[in-house]
Amino acid sequence: AQTVTQSQPEMSVQEAETVTLSCTYDTSESDYYLFWYKQPPSRQMILVIRQEAYKQQNATENRFSVNFQKAAKSFSLKISDSQLGDAAMYFCAYSGYSTLTFGKGTMLLVSP
Amino acid sequence: EAGVAQSPRYKIIEKRQSVAFWCNPISGHATLYWYQQILGQGPKLLIQFQNNGVVDDSQLPKDRFSAERLKGVDSTLKIQPAKLEDSAVYLCASSFGAPEGSEQYFGPGTRLTVT
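Those sequence lines, one after another, are chains L and G.
In terms of this note's numbering, the first sequence has 4 at position 4, counting the first letter as 1, and numbering is strictly consecutive.
Start counting at 1 in the second sequence, then tack on 1000, and there's your number in this note's numbering.
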C-alpha cells in the first residue's frame, strides 16, 4: 500500500517570504501523480498543484512550485512571496493505479 | 459553475443513532468520492463511485456504513448505528475523469459529532 508522510505538523512564515513544505511517499508503482491540496479554515479543499511522475520538469503554478525527486520519493512544495491568504492546512496526496492517499497535513501559519 | 454541495453542514447525534449525509456533485462529473477526515488527519477514502457503480469500498465499514448513488448523480452516505469514533468531517468530492491524475473537487463537508 502507498503511504504519504508529511513530517512537519506546522510551519510558520512571514508575509512576502518563502516557505517549503516537505512530503515523502512510498510506492512500488512506476506511473503515478502527486498533488498538493490546500484546506483553509472552515473552507473547501482545493487543488494547489499537480505533478505527473513521468515528467521530469517540476510543476509550477504562479507562486507555487514543487521540487520532485523521483528517486528519493520526495515531493516538496515551495510557496514564494507568501500572503496572508496562504494560511491553511496543506495536504500532500498520491494517486497511482488506485485511489488518492493523503498525508496528515502541514498547518501553515502566515504572519504580517 | 456550481460546486459540490453537501448537507447538512453539521450534525450532532447520540451513539447508536443513525444519520445520513447527502452530496450533489458537479454536473457532468462521473466519479464521486466519500472521505472521512478525523481531526488532525488527512482524508481517508470510504467509497468511490463511477457513475452509479462502486469502484472501491475497501475501507468502508460495511457493518455500519452504507452508500448509494442514484442515477449516477446524487449520493447518500448512511451510518447505522453510529459509534463515538465516527465523529469526523465527511467530505464528498467529484471528478470529471478517471481518478488517476484527475483533480478532485471537494464539498464543504459535514461535521458529525457523536456523543
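Yeah, the Cβ is synthetic: ideal placement off N, Cα and C, and Gly gets one too.
Per-residue burial, residue i [other beta carbons within 10 Å of its own, 16 or more giving buried]
i         : result
THR106/L  : buried
LEU1070/G : exposed
ILE1079/G : buried
VAL1019/G : buried
ASP1086/G : buried
PRO9/L    : exposed
GLN56/L   : exposed
SER111/L  : exposed
ASP31/L   : exposed
GLN14/L   : exposed
For residue i, the first and last residue of its enclosing beta strand (DSSP E)
i         : result
MET89/L   : 88 to 95
ARG50/L   : 46 to 52
ALA1067/G : 1065 to 1069
ILE1038/G : No beta strand (DSSP E) holds ILE1038/G; DSSP gives it neither H nor E.
LEU108/L  : 106 to 111
LYS1079/G : Residue identity check: residue 1079/G is Ile in the sequence provided, not Lys. Its beta strand (DSSP E) spans residues 1075 to 1079.
THR101/L  : 100 to 102
GLN69/L   : 64 to 69
ASP26/L   : 24 to 26
PHE1096/G : Unbroken run through PHE1096/G: none, as it is neither H nor E.
GLY85/L   : Unbroken run through GLY85/L: none, as it is neither H nor E.
THR3/L    : 3 to 5
GLY1053/G : 1053 to 1056
Chain L within 8 Å of residue i, Cβ atoms only
i         : result
GLN1050/G : no
GLU1103/G : yes
GLY1107/G : yes
GLY1028/G : no
GLU1068/G : no
GLU1085/G : no
GLY1053/G : no
ASP1056/G : yes
GLY1072/G : no
GLY1097/G : no
GLN1080/G : no
GLU1100/G : yes
GLN1036/G : no
GLN1017/G : no
Short CB-CB distance (under 8 Å) between residue i and chain A
i         : result
LEU1045/G : The structure shown contains no chain A; the protein chains it does contain are L and G.
Closer than 8 Å to chain G by CB, residue i
i        : result
THR99/L  : yes
SER95/L  : yes
MET11/L  : no
PHE102/L : yes
TYR33/L  : yes
GLY85/L  : no
GLU52/L  : yes
LEU47/L  : yes
PHE68/L  : no
PHE64/L  : no
GLN8/L   : no
GLN44/L  : yes
PHE91/L  : yes
Bridge-paired residues (DSSP) for residue i
i         : result
LEU34/L   : GLN51/L and TYR94/L
ASN1024/G : ALA1005/G
ARG1111/G : TYR1010/G and VAL1089/G
VAL13/L   : VAL110/L
LYS1044/G : GLN1036/G
GLN1050/G : THR1031/G and GLY1053/G
Stretch-stretch touch, CB-based, cutoff 8 Å, three pairs: the stretch 1084 to 1094 of chain G with the stretch 1027 to 1034 of chain G: Enough Cβ pairs lie closer than 8 Å, so yes.
Stretch-stretch touch, CB-based, cutoff 8 Å, three pairs: the stretch 37 to 46 of chain L with the stretch 1009 to 1016 of chain G: The stretch 37 to 46 of chain L vs the stretch 1009 to 1016 of chain G: no contact.
Stretch-stretch touch, CB-based, cutoff 8 Å, three pairs: the stretch 81 to 90 of chain L with the stretch 1051 to 1069 of chain G: With a cut-off of 8 Å, the stretch 1051 to 1069 of chain G and the stretch 81 to 90 of chain L do not count as touching, because too few Cβ pairs lie within range.
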